[in-house]
Structure formats: structure tokens, C-alpha cells
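Residue numbers (my numbering), protein chains in the order written: chain B, 157 to 483; chain E, 1182 to 1506. Here the structure comes first, spelled out in C-alpha cells, and everything after it is commentary.
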């Protein structure tokens, strides 16, 4: 990855003979756009982000959709059924007087619960991945940059890589399940545990990138003009090591959402009053014949969102792959 | 080569030791005591709890408990907290149930993923490639139990056959042929579900490996000398694309425990994953720890196996080792 040169022209692609005529990110964006599936996935994710933020706003701060209202006379209503005027208190009527996605076994509005769950599910994914990214980048960076420093009898590199090997020995899902089951039920425990068991890949990527980058000219140049390590690492090496990290982070969010739904299925997921798509789905499995929408709506929602994350991740992998550059 | 193997084994034994200490401390430091599983039981008097705690060494310091655990595990005397059955025997019985499921799924993964991935690479960009891409991504992205429920509903509604459990209840006195067929039929659906994710991931991986290899000079040379397309693909390209997959054989082993908790739970399959889940629910520390220990042994054995296989298959690594030793 060459240091970025300023763009000569705003119109890209005119100077095919001079390869670095566009910035790294602009070029990656162009490559990304070639993959129509990935672009579609990116739009889905943008929509999801808006939905999650709107959901947080409308279910917690300005309560338009209240996911916690229990209306026992109105339970198991199929999607798009109108709310009754006589059976329930006027304050309990859903927004617009209609249950867009039906109601569940307690007469709660599934649409409101899905809105609330969008934010919770997404924040589980993002925070878990955030934790594993921080650990992975710090350990991988230490190992790649200060790997030769002796620490007693063993080098820092050996120490960190053996720790990574130790963590890889645990069967991940079983470990997560064990810890989540033993700890008191809390949404933060789930995020932290998923994060703490998922950093090994990132650490290995970052280490490999750092080892390769250390020998490159621009890093050697920065070191030779006397830039402090902190500056060499954070402004020269980290940005250039981000490509594989970004890809694994995108796919990591997808995995975290799936893990949460798996935990919910086994009864160790996020506990009420929080709704997540995983626990709506896990609760809905008991009513698969009586109220199929309780099962299919969250199921397909998770499928689509995780699919979007995976497709975007793969699209990024292709777009950031240096082998495909300047074609 | 011998020095390489010896060093590898010693390193892995050290890792295993650290893993076992870590697992032991995580489990014992977490709140949730085995003696507190049933606090509302009126027949549990404080002195009973004290008796239980003493019997399981729960009041000793952690390192003493660790030594007890290791001693009992090695001598095969380790007893479950829940029912005082020998742990190793329990695990062995469940292992025998898990094994056919695991073997069947593994076989499906490796026999399906290769043709699918190779075809997708050859027909890059065609309808076949795009269809398998979408299907593979969908299988990777679907929550496992959601897919399992859909398939169960479909199979039961369409074919009207039971799919849950190891065998149909009440078939014990049937003919051996029918019993075998019943067992096989019960095996099909769980192993298909178990394998679906693996097929998707592996076929994508094979596709990208093939695409990488197909662009190389020696493939062009093979084409140029007039070899038929099949020879080019299967003799020249595939052989070189296979190299990374040698390592994956070894990495499959630990899936025996970790990968099957949800599937075995859905299909009421009395295997290792379910044993682990039940042990977690009952705070049955010896079983949890031993399962974890076995998983670690399998992982380490798997990576060891793949290192050796790599050295056997790839001449570059082999010569490097000979120079080393």
C-alpha cells in the first residue's frame, strides 16, 4: 500500500497509465460497487442502522411504540390486524390502531418489540466486536511491533502467540455458554463474553500485517526521521493494517448476532425486559403452529441482517484485496 | 523430523496444562455453586450442604481442587457431582452416540463441498456460481435452530416420518433390518443440518482457492501444451489448491463437542454437546471441565496432525525441516 498521493483529477479512471490516480478508499469504493450483492447488503445495513436508531428513539425516549404493554384480550393476532376499540384501554392501543406484525402470547405488539430488539441485537454485535477488536489490535500490535523484546526468558511475541493458542483450544460456543450460564444473567455479560472469546483472529491478522509493514519503506523512513514509536504505530502502521481487520469485524458482528440467538434458544440469552431478535425468535418457536409469524418474522429478520453483514464483509474483502487493485 | 515432532508435542503438552488451569479457574471462580443449584429444596439442610461441599472438596483452596481433579481424571476415578457416576464412562457412552452424527456430517461436508466449490470456480460469474454463492451465504447466515425447525416441519409434513431422537420409541423388538433403517433415517436430518454450515463455508473457500490457482502460470502451461480441460482442472489446478485443506482435516476434530450443542438439543440426540449442556445446567463441574479438557486435547491433536500432514504433503516444508534438524 503506497502512501497516498493527492488526486490529480476529480474524474477517476482517466489516467489508467498512472495507477495511483485515486485515493485508496476511493479505489476500494469503486471495486466494492462492482459487487452488486454487496452493495445491496450495504443498503440493507444502512436501513437497519436507521431502524435501530429509530427503534431506540421511538420505544424508549419518545414512546410511540410501547413494546412492554400487555393486552391479554388481544393475544395471538396475526399481522395487520386492527386493534379492538372495546377490549383494551384506549392508552394501550398501538400506533395507528393496527398491529403491523401481529401480537404475541401476551398481546404485546411484535412490531414494537422488533424495533426495540433491532437496537439491542445490533449493539450486542457492535460492542462484542468492539471488545474483541481492541484486544486483538493491542495484542497483535504488541506482538508484531515489540515481538523481539525479551520478557524474562521468553519474548513478548511468544507469550502473546501462546496465549492466542490457549484461547483457540477452547470450544468457543461451549465456553460462552458455560460462562454465561454461570454468571448472573445480564446483557453486558453476554457482550463481554462474546467479545473476550473472539479476538484471536484479529490478533493474528494484525500481527502478520505489522510484521510485513515493519520492513516497508515508509515505516523505515518514519522511524529514521526519529518519529516516536507511538506515532509510527498509530499514524503509519495501524491505518495500513486495517483492511483485514475491517473485514473480520464485519463478519464478526454477524457471528455475534447468531451466537446471541443460539444462546437465547438454549435459554441463556438476553433476559426480559430487553427484547432481542434472538429471544423473540426463541420464544416464538413454542407457537410455531398457532402463531407462525412469531417465529418467521424474527427468523427471517435475523437471516436478512446476518446475510447483509456477511455479504458486505466478503465484498470488502474483495475490494480491499491488493491483488485486485489497479485493474 | 523427530526433533520437530518432539518439540511440537512438548509445546502442546505445556499449552494443555495452561488451558486446564485456565478452565479450572474460570469455572470455579464464577459465581453459581453446585451446592446451590437446588436452594429451595426443603430437604437440603445446611449440614447436608456442608457434607456435599466436603465430599466434592469445594472448601479446599483452588489449587488443591485442581490437583484433586487432575489426579481423579488421570486415574479414571472422577465422579460426576450430579449422580456420582464415573465421568469418563458417561462421556464415552455419549461419545459413541455423537460419533455417527459427527462422521456422517463430516463425510457430507467433504463430499459435497469439493464438487460444488470446484464447479463454482470453473463457471465463475455464471448462473451456477451466483446461485451457489447466494445459497452458501444464506446457509452461513441462518440461525441454526431456525433452519432446523423449518426442515423438521417440512420433512414431517411431507414424508410423515419421525426425525427426533436416536430411534423411534417402541422399535426395540422389531427386525434388525428395520431397527438399522430406523437409526439411519434418524441420522439423516441432523447430520444434514449439522453439515449445512460446513458445506457452505468450505465450498466458498474451495472456490476462492481454485480461482487463485487457476490464474497461475503452470495452469496456463498445462492448457498450452494441449491437456484436456479435465486434466488441467483436476490434475494440475486441484492438486495445488488442495494444500490448505490438509490442515483443515486436523481442525475438524474439536467440532465434535462445541459444534453440536444446539443441534443435539433440537433433535434430542443424547450426544456430547447435550451432555455438556446438561452439565452446565446442573453445575456439574467435573463433567464440564473434563469435556473442556477433551476438547482442548482434540484441538491440540488436530493442529499437531495438520502440522505433520503439511510437512508430509508440502515438499518445501519438508526440506526446510531436514535442514533444521
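Built from N, CA and C at the ideal position, the CB exists for glycine as well. It should be emphasised that the depicted structure is a prediction, and the values quoted were computed from it without experimental measurement.
{"Asked": "Buried or exposed (CB count within 10 angstroms, at least 16 for buried), residue 322 (chain B)", "Found": "buried"}
{"Asked": "8 angstroms Cβ cutoff met for residue 420 (chain B) and residue 440 (chain B)", "Found": "no"}
{"Asked": "Cβ of residue 340 (chain B) within 8 angstroms of any chain E Cβ", "Found": "yes"}
{"Asked": "For residue 237 (chain B), the residue or residues it bridges with in DSSP", "Found": "B:255"}
{"Asked": "DSSP three-state assignment for residue 310 (chain B), whether helix, strand or coil", "Found": "strand"}
{"Asked": "Chain B contact residues for residue 1471 (chain E), given Cβ-Cβ distances below 8 angstroms", "Found": "Those within 8 angstroms of residue 1471 (chain E) in chain B number zero; the least Cβ separation is about 12 angstroms."}
{"Asked": "Interface positions of the stretch 317 to 334 of chain B facing chain E (Cβ-Cβ less than 8 angstroms), listed along the chain", "Found": "318, 321, 322, 324, 325, 326, 327, 328, 329, 330, 331, 333, 334"}
{"Asked": "Extent of the continuous alpha helix (DSSP H) run through residue 277 (chain B)", "Found": "266 to 301"}
{"Asked": "Residues in the stretch 1194 to 1207 of chain E having any Cβ partner in chain B nearer than 9 angstroms", "Found": "1195, 1196, 1197, 1199, 1200, 1203, 1204, 1207"}
{"Asked": "Whole-Å CB distance - residue 229 (chain B) paired with residue 240 (chain B), under 8 angstroms assumed", "Found": "7 angstroms"}
{"Asked": "Residues, ordered as in the chain, of the stretch 266 to 290 of chain B that lie near chain E by beta-carbon distance below 9 angstroms", "Found": "none"}
{"Asked": "Cβ of residue 1318 (chain E) within 8 angstroms of any chain D Cβ", "Found": "The structure shown contains no chain D; its protein chains are B and E."}
{"Asked": "Three-state secondary structure (DSSP) of residue 1260 (chain E)", "Found": "strand"}
{"Asked": "Contact with chain E by residue 359 (chain B), beta-carbon distance below 8 angstroms", "Found": "no"}
{"Asked": "Backbone CA spacing between residue 1479 (chain E) and residue 285 (chain B) [nearest angstrom]", "Found": "27 angstroms"}
{"Asked": "Contact under 8 angstroms by Cβ, residue 354 (chain B) with residue 288 (chain B)", "Found": "yes"}
{"Asked": "Nearest residue (CA-CA) to residue 1433 (chain E), options E:1471, E:1367, E:1404, E:1286", "Found": "E:1286"}
{"Asked": "Separation of residue 1348 (chain E) from residue 1360 (chain E), as counted between CA atoms", "Found": "8 angstroms"}
{"Asked": "Cβ shell of residue 475 (chain B) (< 6 angstroms), same chain only, five flanking positions each side left out", "Found": "184, 187, 188"}
{"Asked": "Check: residue 1477 (chain E) C-beta below 7 angstroms from any heavy atom of the ligand MN", "Found": "The ligand content of the structure shown is nil, which means the ligand MN is not present either."}
{"Asked": "The stretch 412 to 434 of chain B: positions lying closer than 7 angstroms to chain E by Cβ", "Found": "414, 417, 418, 421, 422"}
{"Asked": "Opposing strand residues paired with residue 1267 (chain E) [DSSP bridges]", "Found": "E:1260"}
{"Asked": "Under 9 angstroms from the C-beta of residue 1518 (chain E): neighbouring residues of chain B", "Found": "Given that chain E is displayed from residue 1182 to residue 1506, the structure contains no residue 1518 (chain E) and the question cannot be resolved."}
{"Asked": "Listed by chain order, chain B residues near residue 1461 (chain E) by CB distance under 7 angstroms", "Found": "333, 334, 337"}
{"Asked": "Inter-stretch contact at 8 angstroms, needing at least 3 Cβ pairs: the stretch 375 to 387 of chain B / the stretch 333 to 344 of chain B", "Found": "no"}
{"Asked": "8 angstroms Cβ cutoff met for residue 437 (chain B) and residue 451 (chain B)", "Found": "yes"}
{"Asked": "Any chain B beta carbon closer than 8 angstroms to residue 1458 (chain E)", "Found": "yes"}
{"Asked": "Three-state class that DSSP yields for residue 261 (chain B) in the structure shown", "Found": "coil"}
{"Asked": "Per-residue burial, residue 1493 (chain E) [other beta carbons within 10 Å of its own, 16 or more giving buried]", "Found": "exposed"}
{"Asked": "Residue 1465 (chain E) vs residue 1261 (chain E) beta-carbon contact at 8 angstroms", "Found": "yes"}
{"Asked": "Under the three-state DSSP convention, the category residue 1391 (chain E) falls into", "Found": "helix"}
{"Asked": "Contact check, residue 1372 (chain E) vs residue 1298 (chain E), beta carbons under 8 angstroms", "Found": "no"}
{"Asked": "Extent of the continuous alpha helix (DSSP H) run through residue 355 (chain B)", "Found": "Here residue 355 (chain B) belongs to no alpha helix (DSSP H), and DSSP marks it neither H nor E."}
{"Asked": "Beta carbon of residue 429 (chain B) nearer than 8 angstroms to that of residue 279 (chain B)", "Found": "no"}
{"Asked": "Neighbouring residues, chain B, relative to residue 1323 (chain E) (Cβ below 7 angstroms)", "Found": "459"}
{"Asked": "Proximity to residue 1393 (chain E) [Cα-Cα], best of E:1486, E:1302, E:1456", "Found": "E:1302"}
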